[in-house]
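Worksheet: the structure to be examined is printed underneath.
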Amino acid sequence: MKTNTSLSLFDAALLRPALWASVTKLSPRVQWRNPVMFIVYIGSILTTLLWVHSMSFPGDTGMPPAFVLAVSIWLWFTVLFANFAEALAEGRSKAQAASLRGLRKETWAKKLDQPFHGAKWLPLQALDLRKGDVVLVEPHDVIPLDGEVIEGVASVDESAITGESAPVVREAGGDFSAVTGGTRLLSDWLVVRIAVNPGESFLDRMISMVEAAKRQRTPNEIALTILLVALTIVFLVVTATLLPYSVFSVSVASAGTVVSLTALVALLVCLIPTTIGGLLSAIGVAGMSRMMQANVIATSGRAVEAAGDVDVLLLDKTGTITHGNRQATALLPAPGVTAERLSRAALLASLPDETPEGRSIVELARRSGTDDSAIEGAHFVPFTAQTRMSGVNLPAAPNSLGVEPIVLRKGAVEAVRKHVESIGGSLPPAMARAADEVARRGSTPLAVAEGNRVLGIVELKDIVKTDIKERFAELRRMGIKTVMITGDNKLTAAAIAAEAGVDDFLAEATPEDKLALIRKYQAEGRLIAMTGDGTNDAPALAQADVAVAMGSGTQAAKEAGNMVDLDSNPTKLLEVVETGKALLMTRGSLTTFSIANDVAKYFAIIPAIFVSTYPQLGALNVMKLASPSSAILSAVIFNALVIVFLIPLALKGVRYRPIGAASLLRRNLAIYGLGGLVVPFVGIKLIDWVLVAVGLV
Numbered sequence: 226m227k228t229n230t231s232l233s234l235f236d237a238a239l240l241r242p243a244l245w246a247s248v249t250k251l252s253p254r255v256q257w258r259n260p261v262m263f264i265v266y267i268g269s270i271l272t273t274l275l276w277v278h279s280m281s282f283p284g285d286t287g288m289p290p291a292f293v294l295a296v297s298i299w300l301w302f303t304v305l306f307a308n309f310a311e312a313l314a315e316g317r318s319k320a321q322a323a324s325l326r327g328l329r330k331e332t333w334a335k336k337l338d339q340p341f342h343g344a345k346w347l348p349l350q351a352l353d354l355r356k357g358d359v360v361l362v363e364p365h366d367v368i369p370l371d372g373e374v375i376e377g378v379a380s381v382d383e384s385a386i387t388g389e390s391a392p393v394v395r396e397a398g399g400d401f402s403a404v405t406g407g408t409r410l411l412s413d414w415l416v417v418r419i420a421v422n423p424g425e426s427f428l429d430r431m432i433s434m435v436e437a438a439k440r441q442r443t444p445n446e447i448a449l450t451i452l453l454v455a456l457t458i459v460f461l462v463v464t465a466t467l468l469p470y471s472v473f474s475v476s477v478a479s480a481g482t483v484v485s486l487t488a489l490v491a492l493l494v495c496l497i498p499t500t501i502g503g504l505l506s507a508i509g510v511a512g513m514s515r516m517m518q519a520n521v522i523a524t525s526g527r528a529v530e531a532a533g534d535v536d537v538l539l540l541d542k543t544g545t546i547t548h549g550n551r552q553a554t555a556l557l558p559a560p561g562v563t564a565e566r567l568s569r570a571a572l573l574a575s576l577p578d579e580t581p582e583g584r585s586i587v588e589l590a591r592r593s594g595t596d597d598s599a600i601e602g603a604h605f606v607p608f609t610a611q612t613r614m615s616g617v618n619l620p621a622a623p624n625s626l627g628v629e630p631i632v633l634r635k636g637a638v639e640a641v642r643k644h645v646e647s648i649g650g651s652l653p654p655a656m657a658r659a660a661d662e663v664a665r666r667g668s669t670p671l672a673v674a675e676g677n678r679v680l681g682i683v684e685l686k687d688i689v690k691t692d693i694k695e696r697f698a699e700l701r702r703m704g705i706k707t708v709m710i711t712g713d714n715k716l717t718a719a720a721i722a723a724e725a726g727v728d729d730f731l732a733e734a735t736p737e738d739k740l741a742l743i744r745k746y747q748a749e750g751r752l753i754a755m756t757g758d759g760t761n762d763a764p765a766l767a768q769a770d771v772a773v774a775m776g777s778g779t780q781a782a783k784e785a786g787n788m789v790d791l792d793s794n795p796t797k798l799l800e801v802v803e804t805g806k807a808l809l810m811t812r813g814s815l816t817t818f819s820i821a822n823d824v825a826k827y828f829a830i831i832p833a834i835f836v837s838t839y840p841q842l843g844a845l846n847v848m849k850l851a852s853p854s855s856a857i858l859s860a861v862i863f864n865a866l867v868i869v870f871l872i873p874l875a876l877k878g879v880r881y882r883p884i885g886a887a888s889l890l891r892r893n894l895a896i897y898g899l900g901g902l903v904v905p906f907v908g909i910k911l912i913d914w915v916l917v918a919v920g921l922v
């Protein structure tokens with residue numbers, strides 16, 4: 226079951242609970258958390274009481290009871306529609322959480338009394354395991370809880386978590402030793418040390434992460450709420466002064482009637498930013514939900530929002546900027562060495578190298594017609610990360626005068642140089658220059674040696690992704706700086722950085738270097754995003770503002786990050802930033818629309834409540850609304866319905882466009898500012914026509 230399976234926006238499975246939740250959220254304990262909508266809530270109660278009073282004392286309210294009731298009903302609808310938007314957003318996240326809960330099953334584990342394969346094991350329920358326990362997992366067993374592989378190598382089916390059908394390899398040591406509870410072993414066996422207690426597993430954390438009800442408000446959202454509260458207080462004070470002003474005006478002019486409390490409540494509700502106030506919480510919840518649909522688990526809303534404010538991206542070269550599968554493309558012989566001799570030596574030295582690079586050298590040599598027949602008595606030396614070399618020790622040739630075997634080695638230039646120097650040789654200047662030239666082209670040079678003599682250079686080419694340069698250009702237009710992180714030497718790093726179009730690079734990077742670079746940028750006031758999957762990435766992930774850990778990475782990396790990418794795709798970082806930008810753009814766009822659409826309500830309600838005292842205000846009735854009561858009711862109805870029409874936009878988000886801040890502001894004002902001015906004039910007039918047509922005013 227893939228975790229990012231999502232229901233359509235108006236699926237019945239979401240609508241029914243959301244409709245019920247919109248009613249249950251009418252509790253004052255819920256409403257007071259949203260100050261803007263709390264004012265509407267109080268206004269709804271007040272107009273309801275005024276309607277009850279008008280039924281008993283028809284002349285006291287100054288308005289017909291039917292009109293007061295209509296205003297009261299639509300104010301309640303305004304509150305309910307805002308509750309519905311939030312409940313619908315929460316419902317999508319809760320549906321995702323429910324699908325995750327379906328992955329949890331009662332599992333039996335094989336607990337070992339000693340941490341190695343072959344020890345006695347006892348059957349134990351997963352719920353009885355504790356952090357530090359050691360378990361044996363055999364083919365077709367379900368891994369009981371999250372842990373680290375301490376012995377063995379096996380193929381694991383993680384489709385229940387990631388949705389990917391292809392199995393992954395998990396082994397002791399390295400960056401692929403973490404296993405997730407609920408996944409299934411397909412082959413071989415693993416000895417796993419449990420890393421969490423029951424209820425603290427990755428799946429449990431995923432469920433709690435997507436529970437929208439537990440979402441904390443982000444600093445940006447809090448700041449916007451303060452702005453909305455300030456605007457609400459201003460309009461509240463202004464509206465409160467209109468009653469004594471109306472009493473004074475009527476007494477002086479000896480004409481008209483004092484403005485009613487119902488009309489003042491309607492004016493207040495229409496002027497305060499109810500549109501964005503009603504949708505603000507839904508926008509934040511939907512942002513986390515969209516991350517989940519991208520198969521990225523955000524630990525908090527702060528992480529999603531910070532992604533939208535990021536201005537420096539730290540990106541690994543391999544797998545993110547390049548395809549990550551370096552292939553041998555050329556053999557460069559040393560002076561006096563034939564191409565056939567270099568090809569044969571490179572092939573034999575690469576046979577025990579099981580890395581993709583080693584296999585590509587073998588394939589390149591075979592395509593050139595090099596003999597790959599086995600040599601009797603050969604002793605193969607496999608590639609290791611420590612030696613950075615592979616090779617073979619061959620028996621002395623029949624015509625050789627020596628008695629020592631022939632030693633062939635292939636590996637990193639620096640490693641081969643140290644190897645040949647240790648047995649009395651050296652790296653020829655021509656080969657050093659050839660290696661530098663390969664590095665300048667953005668390729669990786671490997672050296673091949675026979676005994677203490679370097680026979681030549683193998684060029685490995687890692688292809689830069691075709692669309693990555695355009696993506697970086699888009700980010701640059703948005704003011705985001707891209708920095709490539711690589712373990713390559715500076716020449717290779719510089720060449721690839723230039724080809725990919727990144728702004729800067731960090732070559733020969735160590736964990737300490739990454740951490741220092743992040744702190745340097747943060748000291749300049751920048752927000753940093755990065756990805757990582759290994760334990761050595763954990764310090765940098767913990768320091769970064771947006772830290773996306775790979776789902777296939779180590780437990781330390783996932784605990785250090787504030788997001789987890791279940792697809793383990795390093796390029797997902799770009800999508801994370803775009804989703805964060807879309808969240809901020811949605812919030813800004815709807816805030817602009819909400820404030821702009823107040824203008825039409827001025828022209829609708831202000832003339833309506835004072836025209837009896839000041840007939841000249843009738844000139845402001847530019848929409849030619851039928852009557853004062855129709856004008857007030859039309860504005861209130863539009864104010865409620867606009868929330869409903871904007872719910873899809875709040876949940877889906879404004880489409881992300883990679884443009885600069887100035888261009889974004891102009892576009893925002895043109896679409897949502899101008900739209901916020903024009904749409905209410907049209908909408909209020911249409912509602913007025915309908916009210917007149919059905920005889921309600």
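Residues in the sequence shown are numbered consecutively from 226, following my numbering. The beta carbon of each residue, even a glycine, is placed where N, CA and C say it ideally should be.
Since I believe residue j is in contact with residue i (beta carbons under 8 Å), could you give me their beta-carbon distance rounded to a whole number of angstroms?
i	j	result
GLY316	LEU239	5 Å
PRO369	ALA334	4 Å
PRO423	LEU493	So it is not a contact: roughly 52 Å between Cβ atoms.
ASN846	CYS495	Rounded, the Cβ-Cβ distance is 16 Å, inconsistent with contact.
ILE710	LEU731	5 Å
VAL617	ALA574	6 Å
VAL529	GLY512	5 Å
ILE546	ILE688	10 Å between Cβ atoms; not a contact.
GLY372	VAL404	6 Å
ALA763	ALA785	4 Å
GLU724	GLY667	6 Å
Taking DSSP as the reference, what is the three-state secondary structure of residue i?
i	result
HIS278	helix
VAL490	helix
MET810	helix
HIS604	strand
GLN552	strand
MET288	coil
GLU471	It is Ser, not Glu, that sits at residue 471 in the sequence shown. DSSP places SER471 in helix when its eight states are reduced to three.
ASP541	strand
GLY372	strand
TRP245	helix
GLN350	strand
GLU363	coil
LEU456	helix
ALA438	Note that ALA438 has pLDDT 39, beneath the 50 cutoff, so the model's placement of it is unreliable and the number below is only indicative. Residue state, collapsed to three classes: helix.
ARG395	strand
Does the distance from the CB of residue i to the CB of residue j come in under 7 Å?
i	j	result
PRO498	SER819	yes
LEU489	THR464	yes
LYS806	GLY509	no
MET775	VAL521	no
LEU935	THR707	Residue 935 cannot be examined here, being either before or after the span of the chain that is shown, 226 to 922.
VAL679	ALA555	no
ASP790	ALA851	no
ALA765	LYS745	no
VAL261	VAL304	no
GLY681	VAL562	yes
ALA379	LEU354	no
ALA634	MET656	The displayed chain sequence assigns Arg, not Ala, to residue 634. The answer is no: Cβ separation not under 7 Å.
Can you list, in chain order, the residues of its chain whose CB lies under 6 Å from that of residue i, leaving out five sequence neighbours each side?
i	result
ALA553	SER585, ILE586, LEU589, VAL683, LEU685
LEU461	none
GLY908	PHE863
ALA397	VAL374, ILE375, GLU376
Excluding five sequence neighbours on each side, which residues of the same chain lie with their C-beta closer than 8 Å to the C-beta of residue i?
i	result
THR595	GLU565, SER568, ARG569, LEU572
TYR839	SER474, ALA478, GLY481
ILE831	LEU492, LEU842, LEU845
Once the 5 residues before and after residue i are set aside, which same chain residues still bring their CB inside 7 Å of it?
i	result
ALA310	GLY503, LEU504, ALA507, ILE868, ILE872, ALA875
GLN780	ASP371, GLU373, ALA403, ALA420
Would you check if the segment 519-539 and the segment 597-615 touch, i.e. whether three or more CB-CB distances between them fall below 8 Å? no
With a threshold of 8 Å, are at least 3 pairs of Cβ atoms found where one atom belongs to the segment 851-863 and the other to the segment 662-672? Taking a contact to require three or more Cβ pairs closer than 8 Å, the segment 851-863 and the segment 662-672 do not qualify as touching.
Quick one: any contact between the segment 815-835 and the segment 893-903, if contact means 3 or more CB pairs under 8 Å? yes
With three or more C-beta pairs closer than 8 Å as the rule, is the segment 258-278 touching the segment 289-298? yes
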